[in-house]
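Asker: First residue of the sequence shown? That's 1 in full-length UniProt numbering, and the numbers climb one at a time after it.
Right, I'll just put the structure down here and ask away after.
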Amino acid sequence: MNQALTPEADAAIADVAQRHGLSYDAVVSMLVAVNAGGGTMAQFSIPELGGSGQWMRGGMTMVGNMFDNALKARVDALCNELSQLLATTRVFPPLPTAAQGGFTSNNWWPDELGVPSSSGGQNQSRYAIFPSTRRLAIDNGGLVRIYDTGDHNIGGVQQQQGGPSGSLTFTSQYGTFDVSSLPEVGGPNSPGSAGEPSQDQYSAPAPMNPEPTAPQQDPMPSTPQMDSDAADPTSIVNAIESLAGLHQRGILSDEEFAAKKAELLGRL
1 MNQALTPEAD
11 AAIADVAQRH
21 GLSYDAVVSM
31 LVAVNAGGGT
41 MAQFSIPELG
51 GSGQWMRGGM
61 TMVGNMFDNA
71 LKARVDALCN
81 ELSQLLATTR
91 VFPPLPTAAQ
101 GGFTSNNWWP
111 DELGVPSSSG
121 GQNQSRYAIF
131 PSTRRLAIDN
141 GGLVRIYDTG
151 DHNIGGVQQQ
161 QGGPSGSLTF
171 TSQYGTFDVS
181 SLPEVGGPNS
191 PGSAGEPSQD
201 QYSAPAPMNP
211 EPTAPQQDPM
221 PSTPQMDSDA
231 ADPTSIVNAI
241 ESLAGLHQRG
251 ILSDEEFAAK
261 KAELLGRL
């Protein structure tokens, strides 16, 4: 399905594609991935860029071949440029403004949440992610609930097979988490919504804190928390790759890298 873009964004993407030696569709796919990550991260699967990979602004970049540093640099440059484009240009056409009862005629979420970075549905559940207001909307069989995503940069979603309707899990820079771990801030159709609004129903989200001017650097970065009895091999490999990048850049010494790598391999 083609992603609709504004004329200004369409011209910008064509220019980016030409300068980076990529197809227009590949750049649009990466743009959607960066947008889904709130402009700070992306999970993508683009054949022209080595297949599946991840990008985090100011952090690690992972591609199919973990030792292809040239490709990592190419992905990082492309994603940073697309992140800047999202911050300075109206990329996606605005949604219809005609509303009834807090909802637009084409959407099931409250207008106050803004424009979602991504939305979709599985079985009886639908979701919409709003990085700009730090909100996640879930519609489970017509029951809409709103959650505060905090500092999660959501980049993926999946539904547990065989689980109850609405058992959605998401991925962010902190790993995989269940929607039940997020604080609920209500919803127009939540229990008790008839009549006057209650304190459990949807309220306008608090403004986001300004982004730090410079990321803090930890000489020994922490790795994603993993259950020692059931460590995820993929998470361990990703953590080792991140440490390898820091080692190559001289942030970690040979001894620090070897010790941390041994610790992670011991969890397999």
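Positions of the beta carbon are idealized from the N, C-alpha and C atoms, including for glycine.
These numbers come from a predicted model, not from an experiment.
Would you check if the region 133-146 and the region 66-77 touch, i.e. whether three or more CB-CB distances between them fall below 8 Å?
Answerer: They do not touch, by the three-pair rule.
Asker: Taking Cβ to Cβ, would you say residue 274 is nearer than 7 Å to N153?
Answerer: This structure cannot speak to residue 274, because the chain is shown only from 1 to 268.
Asker: Tell me the DSSP bridge mates of Y24?
Answerer: For the purposes of this step, residue 24 is identified with residue 24 of the sequence shown, where counting begins at 1. Y24 is not bridged to any residue.
Asker: Measure the Cβ-Cβ separation of N35 and L78 and say whether it is below 7 Å.
Answerer: Locating residue 35 in the sequence shown gives position 35, where the first residue counts as 1. Locating residue 78 in the sequence shown gives position 78, where the first residue counts as 1. Not in contact: N35 and L78 (Cβ atoms no closer than 7 Å).
Asker: Could you tell me which residues DSSP pairs with V144 in its beta bridges?
Answerer: If you number the sequence shown from 1, residue 144 lands on position 144. Paired residues: D139.
Asker: Which full runs of the alpha helix (DSSP H) of 4+ residues lie inside the region 26-107, going along the chain?
Answerer: Listed in chain order, they are 69-88.
Asker: V91: which of D151, S117, N107 and T176 sits nearest, CA to CA?
Answerer: Along the sequence shown, one-based indexing puts residue 91 at 91. Of the listed residues, the one whose Cα sits closest to V91 is S117.
Asker: Between L182, W108 and L243, which lies nearest to M60 when the distance is taken from Cα to Cα?
Answerer: Residue 60 sits at position 60 when you count from the first residue of the sequence shown. The candidate whose alpha carbon is nearest that of M60 is L243.
Asker: Which class does A128 belong to by DSSP, given the choice of helix, strand or coil?
Answerer: Locating residue 128 in the sequence shown gives position 128, where the first residue counts as 1. A128 falls in the strand class under three-state DSSP.
Asker: On a Cα-Cα basis, can you pick out the residue from A258, L252, A259 and L264 that is closest to P233?
Answerer: Locating residue 233 in the sequence shown gives position 233, counting from the first residue. Out of A258, L252, A259 and L264, L264 has the C-alpha closest to the C-alpha of P233.
Asker: Specify the secondary structure class of residue 276 as computed by DSSP and reduced to three states.
Answerer: This structure leaves residue 276 out entirely; the chain is present only between 1 and 268.
Asker: Less than 7 Å between C-beta atoms, sequence neighbours within five positions excluded: which residues of the same chain meet that for S253?
Answerer: As a position in the sequence shown, residue 253 is number 253, starting the count at 1. Same-chain partners within the cutoff: there are none.
Asker: Which first and last residues belong to the beta strand (DSSP E) in which T176 is found?
Answerer: Start at 1 with the first residue of the sequence shown, and residue 176 comes out as number 176. Note, T176: beta strand (DSSP E), G175 to D178.
Asker: Buried or exposed for S203, going by 16 or more other Cβ atoms inside 10 Å?
Answerer: Here residue 203 corresponds to residue number 203 of the sequence shown, with the count starting at 1. Since pLDDT at S203 reaches only 43, below the 50 mark, its modelled position is unreliable, and the value read off the structure follows with that caveat. Counting Cβ neighbours within 10 Å, S203 comes out exposed, since fewer than 16 surround it.
Asker: Exposed or buried, R249, counting other C-beta atoms within 10 Å across all chains shown (16 or more means buried)?
Answerer: For the purposes of this step, residue 249 is identified with residue 249 of the sequence shown, where counting begins at 1. It is exposed - the Cβ of R249 has fewer than 16 other Cβ atoms within 10 Å.
Asker: When you compare the CB positions of V28 and I13, do they come within less than 7 Å of one another, or not?
Answerer: The sequence position of residue 28 within the sequence shown is 28, counting from 1. The sequence position of residue 13 within the sequence shown is 13, counting from 1. Yes. Within cutoff.
Asker: Terminal residues of the continuous beta strand (DSSP E) containing L168?
Answerer: The sequence position of residue 168 within the sequence shown is 168, counting from 1. First-last of the beta strand (DSSP E) with L168: L168 to S172.
Asker: Helix, strand or coil: how does DSSP classify V237 here?
Answerer: Counting from one through the sequence shown, the residue named residue 237 turns up at place 237. In the structure shown, V237 sits in a helix (DSSP, three-state: H, G or I).
Asker: Looking at the strands, I want to know which residues DSSP matches up with V157.
Answerer: Translated into positions along the sequence shown, residue 157 becomes position 157. DSSP lists F170 as partners of V157.
Asker: Alpha carbons only, please: which of F44, L136 and N80 is nearest the one belonging to A33?
Answerer: Start at 1 with the first residue of the sequence shown, and residue 33 comes out as number 33. Ranking the options by Cα distance to A33, first place goes to F44.
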